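So the protein sequences, as listed, match chains A and B.
Heads up: the first sequence begins at 611 in my numbering, then just goes up one per residue.
Heads up: the second sequence begins at 402 in my numbering, then just goes up one per residue.
Heads up, the beta-carbon is just placed ideally off N, CA and C, and yes, glycines get one too.
Since the model is a prediction, treat every value here as computed from it, not as a measurement.
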Amino acid sequence: AQKVTQAQTEISVVEKEDVTLDCVYETRDTTYYLFWYKQPPSGELVFLIRRNSFDEQNEISGRYSWNFQKSTSSFNFTITASQVVDSAVYFCALSLPGAGNMLTFGGGTRLMVKP
Amino acid sequence: NAGVTQTPKFRVLKTGQSMTLLCAQDMNHEYMYWYRQDPGMGLRLIHYSVGEGTTAKGEVPDGYNVSRLKKQNFLLGLESAAPSQTSVYFCASSPRGSSYEQYFGPGTRLTVT
Chain A
611 AQKVTQAQTE ISVVEKEDVT LDCVYETRDT TYYLFWYKQP PSGELVFLIR RNSFDEQNEI
671 SGRYSWNFQK STSSFNFTIT ASQVVDSAVY FCALSLPGAG NMLTFGGGTR LMVKP
Chain B
402 NAGVTQTPKF RVLKTGQSMT LLCAQDMNHE YMYWYRQDPG MGLRLIHYSV GEGTTAKGEV
462 PDGYNVSRLK KQNFLLGLES AAPSQTSVYF CASSPRGSSY EQYFGPGTRL TVT
């Protein structure tokens, strides 16, 4: 069975600091998909990024970047120059093909950015 | 285009009561899901459906039933609510295929006393 671990339950930073959220996953499958979602205080879940297991290229989108390393089964998320609006709970998730696209979520990391 | 909507947004039940949560999507998605979110545990899959008329169990299906009579709707039922079912429930949908992200509804906060 697959598993996603987000060891950091809460992180607190001051605005403009860089912060990295860790995600470690376990699966025996060679084909899988990894996701990050953001849950702001309003409660909805917002999709941030999807990565398939064959694409280890790092991704950058504005202040957000993702580092996917199969060798360490990690898919870490970095926010550069954090802002108060980045305060949210961030979830990492994994899905396998042929399984109804079911997501296995990590426990989430609560990020608090203080002004 | 409303995306994924959930009804109701909040509900308080007494132990033993029953209720149905409604999820509707207008994106013509094949797949639909029900998750529950509890503090510190992320989201856990209750049931899912890969098409109209089909449903399957997820990680935590006990105490819940589902139905997908129409492609756009996915209903979650609690026949006899228990305090352990106090949670936030999220519905999601996605196109067919494993590479697609899921689109989530706004959630329903359920309290069972």
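Residue 649 of chain A sits in a strand when the DSSP states are folded into three classes. Between the alpha carbons of residue 471 of chain B and residue 477 of chain B lies a distance of about 13 Å. Shown here, residue 461 of chain B sits in coil according to DSSP, grouped into three states, outside any helix or strand. If you look at residue 629 of chain A, you'll find it in the beta strand (DSSP E) that goes 629-631.
Among the residues of the region 686-699 of chain A, none has a Cβ less than 7 Å away from any Cβ of chain B. Not a single C-beta of chain A is nearer than 9 Å to the C-beta of residue 461 of chain B. With a 10 Å radius around the Cβ and a threshold of 16 neighbouring Cβ atoms, residue 673 of chain A comes out exposed.
Of A/725, A/715, A/721, the smallest CA-CA separation from residue 460 of chain B is found for A/715. Cα atoms of residue 645 of chain A and residue 694 of chain A: separation of roughly 23 Å, rounded to the nearest angstrom. Looking from the CA of residue 717 of chain A, the closest CA among B/415, B/439, B/404 belongs to B/439.
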